[in-house]
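Colleague:
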Amino acid sequence: MDILDEEILNLWRLLNSHNVAYIMVGGFATTLNGFNRNTADIDLWIKDTIPNRKNLRTVLKELELGDLDGIESSELIPGFTSITLNSGFELDLMTYVKGLEQEKFDECHKLAPIAEIEGVPVKFLHINHLIKAKKASGRPKDLIDVIELEKIRTFRK
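Under numbering that gives the first Met the number 0, the first residue of the sequence shown carries the number 0, and numbering increases by one thereafter.
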C-alpha cells in the first residue's frame, strides 16, 4: 500500500479537519511503529460516540464514497465493516480492537504517537497496545509482527 497515495492523505486530512477521534491500527500501525510490512487495507479504530460517527459520515461523504447514514448506528465490526476507497484500498472501520477490550479508547488515543506524513498528522496505535492486539488475533502474520515489534520495543528501551 502506498501511504503517500493522495486519497489516503486526503482521508487523514479530512479525519483531522472534522475532528474524528481515530487511531490507525493493524498493518499500518505496525509499519509506523518500525516494522515495515505490506498491508492491503487501512484499519481505523474510531471512538464510538454519535458525534464522532456523524463526523466520520461527513468525511466519507466528502471523499465521495456516498452518504452512509448507517455508519451512525451500525455495529462496526473489525474485518466486516469495510469500504472500498476510489483508489481500490479497503478502509476497515471498527469501534473496538480484539485484545484491547480492557483498554479505553480515550486512554489509547492519549498514548497514540503521531506520525507526520506529507505534513498530515496521523495517530497510530502505541507499540504496547499494538503488541497486545496482535497477540490476541493469533493469526500467523500477526504473530510474526509481534516478534518484530517486541525486538523494536526492546531496542527503544
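Yeah, the Cβ is synthetic: ideal placement off N, Cα and C, and Gly gets one too.
Buried or exposed: which applies to phenylalanine 123, given that a residue is buried once 16 or more other Cβ atoms fall within 10 Å of its Cβ?
Modeller: Counting from 1 along the sequence shown, the entry for residue 123 is found at position 124. When all chains shown are included, phenylalanine 123 counts as buried.
Colleague: Can you tell me where the alpha helix (DSSP H) holding glutamate 115 begins and where it ends?
Modeller: Taking the first residue of the sequence shown as 1, we reach residue 115 at position 116. Where glutamate 115 is concerned, there is no enclosing alpha helix (DSSP H), although the beta strand (DSSP E) it sits in stretches over 113-116.
Colleague: Roughly how many whole angstroms lie between the Cα atoms of glutamate 100 and asparagine 37?
Modeller: Indexing the sequence shown from 1 puts residue 100 at position 101. Indexing the sequence shown from 1 puts residue 37 at position 38. Going from the Cα of glutamate 100 to the Cα of asparagine 37 covers about 26 angstroms.
Colleague: Among Ile143, Thr80, Gly98, Phe34, which residue has its Cα nearest to the Cα of leucine 90?
Modeller: The residue given as residue 90 occupies position 91 in the sequence shown. Of the listed residues, the one whose Cα sits closest to leucine 90 is Thr80.
Colleague: Give me the Cα-Cα distance between methionine 23 and aspartate 66, rounded to the nearest whole angstrom.
Modeller: By one-based count along the sequence shown, residue 23 stands at place 24. By one-based count along the sequence shown, residue 66 stands at place 67. Near 23 angstroms, if we compare the C-alpha coordinates of aspartate 66 and methionine 23.
Colleague: Can you list, in chain order, the residues of its chain whose CB lies under 8 angstroms from that of asparagine 15, leaving out five sequence neighbours each side?
Modeller: Taking the sequence shown and counting its residues from 1, one reaches residue 15 at position 16. Correct list, in chain order: Val119, Pro120.
Colleague: Under 8 angstroms by Cβ, that's how I've got glutamate 6 and serine 86 pegged, so tell me the actual separation to the nearest angstrom.
Modeller: Position 7 of the sequence shown, counted from the first residue, corresponds to residue 6. Position 87 of the sequence shown, counted from the first residue, corresponds to residue 86. That belief holds up - the Cβ atoms of glutamate 6 and serine 86 are roughly 4 angstroms apart, short of 8 angstroms.
Colleague: Are the beta-carbon atoms of asparagine 54 and asparagine 18 separated by less than 7 angstroms?
Modeller: For this step, residue 54 is matched to residue 55 along the sequence shown. For this step, residue 18 is matched to residue 19 along the sequence shown. Result yes, Cβ atoms of asparagine 54 and asparagine 18 sit closer than 7 angstroms.
Colleague: Which runs of the beta strand (DSSP E) at least 3 residues long sit entirely within the stretch 54-107? Give them in chain order.
Modeller: 81-83, 89-93
Colleague: Going by Cα to Cα distance, which pick from Asn32, Gly137, Val145 is closest to glutamate 115?
Modeller: Indexing the sequence shown from 1 puts residue 115 at position 116. It is Asn32 whose Cα lies nearest to the Cα of glutamate 115.
Colleague: Quick check on leucine 148: buried or exposed, where buried means 16 or more other Cβ atoms within 10 Å of its Cβ?
Modeller: Position 149 of the sequence shown holds residue 148. Leucine 148 is classed as buried because its beta carbon has at least 16 other beta carbons within 10 Å across all chains shown.
Colleague: Work out the CA separation of histidine 125 and tryptophan 44 for me, nearest whole Å.
Modeller: Position 45 of the sequence shown, counted from the first residue, corresponds to residue 44. Position 126 of the sequence shown, counted from the first residue, corresponds to residue 125. About 13 angstroms.
Colleague: Taking cysteine 165 as the reference, give the member of Ala28, Arg12, Trp11, Asp4 with the closest Cα.
Modeller: Given a span of 0 to 156 for the chain in the structure shown, any question on residue 165 remains unanswerable.
Colleague: How would you label proline 50, buried or exposed, when you count the other beta carbons within 10 angstroms and need 16 or more for buried?
Modeller: Numbered from 1 along the sequence shown, position 51 holds the residue referred to as residue 50. Counting Cβ neighbours within 10 Å, proline 50 comes out exposed, since fewer than 16 surround it.
Colleague: Can you give me the Cβ contacts of lysine 133 inside the same chain, cut-off strictly under 8 angstroms, excluding the 5 residues immediately before and after it?
Modeller: What you label residue 133 is simply residue 134 of the sequence shown in a count that begins at 1. These residues qualify, in order along the chain: Thr29, Gly98, Asp141, Leu142, Asp144, Val145, Leu148.
Colleague: In whole angstroms, what is the alpha-carbon distance linking proline 77 and threonine 94?
Modeller: Within the sequence shown, numbered from 1, the residue matching residue 77 stands at position 78. Within the sequence shown, numbered from 1, the residue matching residue 94 stands at position 95. Roughly 8 angstroms separates the two Cα atoms.
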